[in-house]
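K.L.:
Got a structure for you, questions after.
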Amino acid sequence: MSRDSENANSTDTAAIRELFQSDNRNDFVSAVRMAAGRILKSLHVEEDRLDEILNEVEGRSLYQDFRDCWEDLAPEERSRKWRLQMEHIVQTAYACRPYCLRCGDCCSRVSPSLHPEDLDLVKSGILGYADLYTLRKGEPVLNNITGALENLSGELVKLKENPGNRQCPFYEEQEKSCRIYEHRPLQCRTQECWNPQALEKLWEKEKLTRRDILKGDAEILELLEVHEQRCSTEKADGAIKKYWETGEAAELDPVLDLLSQDLIIRNFFTERLGRGEEELDFLLGRPLSKVVEAYRLKVEKDEQGTFHLVQIED
Ligand code: SF4
Ligand code: SF4
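When the letters of the sequence shown are read in order and numbered with the numbering used here, they come out as residues -14 to 299.
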């Protein structure tokens, strides 16, 4: 599921959760109709296309089989099939509006990851290091399809999002325009919210890495290796997962060591190498103190100046 369709069909509200507990198939039928209306609105498809879209959706075996076996399904299975059903409505709705409205939704929700085709944007200075950040291999990210945290199988270099939201920093909200439109990254050029397969195919392709960008800078590349060894996201991941399994605070001790190494290397980059703070999220990836938040942990300092990892309350 693409991020666009994820956003368009995010109908997993309390009402929907309640629906999954209902054994009445009529509740399912009316919920699909209501969800279709909401999806059309979110995708800026004219409301008068609703009947046409419902005819298409309700005529498919996906819908009919789901409706006919509704009473026999467990709530978890209903939830899983519901996502597929919503995805189909999204696809059907997009097919009614196969062009860009320049609404800017895609630029407001997430920033693009870079691909090898984008290397010249960095080399030419259109994108500076301060405009980028790195998600390192092994970092936990949310899978849009399963909703589960998964560890990244490879590194991603992305445009930094605006603080406090997920908007791309090159997006001009008032004009609904892109400040680097002529030079926008490949992912933005591929983005067609009515055709999510294009972006899904791109997602499978090779990504640009820090090593591609920093090729030739032997000193920095060597320091990146040192950072990877001393602040391994994989080690942090293993220790934190053990902590969540056992509840033993001592399992977090290695993570505190990794956090301290991360801090030391970051300080080395600014104080000894003269690198700007704003470049560090690209050069060294996000601070480990930020990464651990995905595991519902945060770093706190006590009165003696000792750092601890504490759980983030829901
Ligand atoms: S591709 Fe065009 S229509 Fe679709 S979300 Fe982006 S700006 Fe809006
Ligand atoms: S670079 Fe431009 S097109 Fe791409 S997400 Fe940012 S504002 Fe949108």
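Even for Gly, the Cβ is constructed at its ideal location relative to N, Cα and C.
When every heavy atom of ligand 2 is checked, does at least one fall within less than 8 Å of the C-beta of Leu117?
P.N.:
No, Cβ of Leu117 sits at least 8 Å from all heavy atoms of ligand 2.
K.L.:
Could you work out which residue in Leu144, Leu127, Pro148 and Asn147 is closest to Ser138 when comparing CA atoms only?
P.N.:
For Ser138, the nearest C-alpha among the options comes from Leu127.
K.L.:
So for Pro125, helix, strand or coil by DSSP?
P.N.:
Pro125: strand per DSSP, three-state reduction.
K.L.:
If you measure between the beta carbons of Ala78 and Val30, is that distance less than 9 Å?
P.N.:
Closer than 9 Å, so yes.
K.L.:
How far does the beta strand (DSSP E) with Gln176 in it extend, from its first residue to its last?
P.N.:
Looking at the DSSP string, Gln176 is not in any beta strand (DSSP E), and its letter there is neither H nor E.
K.L.:
Between which residues of its own chain and Ser(-5) is the CB-CB distance below 6 Å, once the five residues before and five after are set aside?
P.N.:
Per-residue confidence for Ser(-5) stands at a pLDDT of 47, beneath the threshold of 50, marking its modelled position as unreliable; no derived number is given.
K.L.:
Apart from the five residues just before and just after Ala(-7), which ones in its own chain have a Cβ nearer than 7 Å to its Cβ?
P.N.:
Residue placement at Ala(-7) cannot be trusted, given a pLDDT of 44 that sits under 50; what the coordinates show is reported in the next sentence. Counting only Cβ-Cβ distances below 7 Å, and skipping sequence neighbours, we find Ile24, Ser27, Leu28 and Val75.
K.L.:
Go ahead and label His293 buried or exposed: buried means 16 or more other beta carbons lie within 10 angstroms of its beta carbon, across all protein chains shown.
P.N.:
Exposed, by the Cβ-count rule.
K.L.:
Taking 7 Å as the limit between beta carbons, can you name the residues of its chain near Glu56, skipping five residues before and five after?
P.N.:
Only Asp8 and Arg10 meet the Cβ criterion.
K.L.:
Ordered along the chain, which non-local residues of its own chain (more than five positions away) have a Cβ less than 7 Å from that of Gln176?
P.N.:
Here the set comprises Cys91 and Leu184.
K.L.:
Is there contact here, the stretch 208 to 218 with the stretch 264 to 284, by at least three beta-carbon pairs under 8 Å?
P.N.:
At 8 Å Cβ cutoff, the stretches touch.
K.L.:
Express the C-alpha separation of Gly261 and Arg45 in angstroms, rounding to a whole number.
P.N.:
Distance between the alpha carbons of Arg45 and Gly261 is about 56 Å.
K.L.:
In three-state terms, what does DSSP make of Ile74?
P.N.:
Three-state result, Ile74: helix.
K.L.:
Could you give the DSSP three-state label for Glu189: helix, strand or coil?
P.N.:
Looking at Glu189 - three-state DSSP - the assignment turns out to be coil, as it is neither helix nor strand.
K.L.:
If you reduce the DSSP assignment to three classes, tell me which class Phe292 lands in.
P.N.:
Three-state result, Phe292: strand.
K.L.:
Does the beta-carbon of Glu(-9) have 16 or more other beta-carbons within 10 angstroms, so that it is buried, or is it exposed?
P.N.:
Only weak support is given to the placement of Glu(-9): the predicted model assigns it a pLDDT of 44, under 50, and the question is left unresolved by the model.
K.L.:
Just the C-alpha distance for Asp33 and Cys178, rounded to the nearest angstrom, thanks.
P.N.:
About 20 Å.
K.L.:
Check Val95 in the structure and name its three-state DSSP category.
P.N.:
Correct three-state label for Val95: coil.
K.L.:
Would you check if the stretch 133 to 147 and the stretch 181 to 197 touch, i.e. whether three or more CB-CB distances between them fall below 8 Å?
P.N.:
Because the criterion of three Cβ pairs below 8 Å is met, the stretch 181 to 197 and the stretch 133 to 147 touch.
K.L.:
Using 8 Å as the cut-off, can you tell me whether the stretch 111 to 128 makes contact with the stretch 271 to 289, which would need three or more C-beta pairs spanning the two stretches below that distance?
P.N.:
The stretch 111 to 128, when compared against the stretch 271 to 289, does touch it at the 8 Å Cβ threshold.
K.L.:
For Leu104, I'd like the list of residues in its chain whose CB is within less than 8 Å of its CB, leaving aside the five on either flank, ordered along the chain.
P.N.:
Counting only Cβ-Cβ distances below 8 Å, and skipping sequence neighbours, we find Leu193, Asp197 and Ile198.
K.L.:
Quick one: Cα of Gly22 to Cα of Lys275, how far?
P.N.:
The alpha-carbon atoms of Gly22 and Lys275 are separated by roughly 38 Å.
K.L.:
Quick one: what's got a C-beta closer than 6 Å to Asp331's C-beta in the same chain, skipping five residues either side?
P.N.:
Beyond the ends of the chain as shown, which are -14 and 299, falls residue 331; an answer cannot be given.
K.L.:
So is Tyr84 buried or exposed if we call it buried at 16+ other beta carbons inside 10 Å?
P.N.:
Looking at its Cβ environment, which holds fewer than 16 other Cβ atoms inside 10 Å, Tyr84 is exposed.
K.L.:
With H, G and I counted as helix, E and B as strand and the rest as coil, what does DSSP make of Val211?
P.N.:
Val211: helix per DSSP, three-state reduction.
K.L.:
When burial is assigned at 16 or more other CB atoms within 10 Å of the CB, is Ala203 buried or exposed?
P.N.:
Exposed, by the Cβ-count rule.
K.L.:
Am I right that Gln172 and Pro97 are in contact with their C-beta atoms under 8 Å? What's the rounded C-beta distance?
P.N.:
Confirmed, about 4 Å.
K.L.:
Would you mind giving the Cβ-Cβ distance between Pro148 and Ala279, rounded to the nearest angstrom? I have them listed as a contact below 8 Å.
P.N.:
Incorrect: roughly 17 Å between the Cβ atoms, too far for contact.
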